[in-house]
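Given below as structure tokens:
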């Protein structure tokens, strides 16, 4: 039965591969987006921009709030090894 199923679904192999690659890309993007170390670096960068006057304090606050929200989500996410 397994061989028969493989033969019937062989034309779908490129689609399955595309989906698998897209899933890996999504996982990597999420790992980077929710990486606590990366978020902290971005918070430091915003602080430096605010201190140097290169960014408006209200804009800095909004960016920091978004990053803190991401950091909270990152801390609640289960740690995965894949």
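In our numbering, the protein residues as written are 20 to 101. For each residue, glycine too, the CB sits at the ideal point set by N, CA and C. Just so you know, these numbers come straight off a predicted model, no measurement behind them.
Item to check | residue 89 to residue 26 span [Cα, whole Å] | outcome: Each residue's CA atom was taken as its position, placing residue 89 and residue 26 some 45 Å apart.
Checklist entry - Which residue from 69, 92 and 94 puts its Cα closest to that of residue 82? => result Ranked by Cα distance from residue 82, the options 69, 92 and 94 are led by 69.
Next on the checklist: Tell me the DSSP secondary structure of residue 76 in three-state form.
Outcome noted: It is helical.
Checklist entry - Which term fits residue 65, buried or exposed, when burial requires 16 or more other beta carbons within 10 angstroms of its beta carbon? => result Looking at its Cβ environment, which holds 16 or more other Cβ atoms inside 10 Å, residue 65 is buried.
Next on the checklist: I'd like to check one pair, residue 86 with residue 106: are the Cβ atoms closer than 8 Å?
Outcome noted: The first residue shown for the chain is 20 and the last is 101, placing residue 106 beyond what the model contains.
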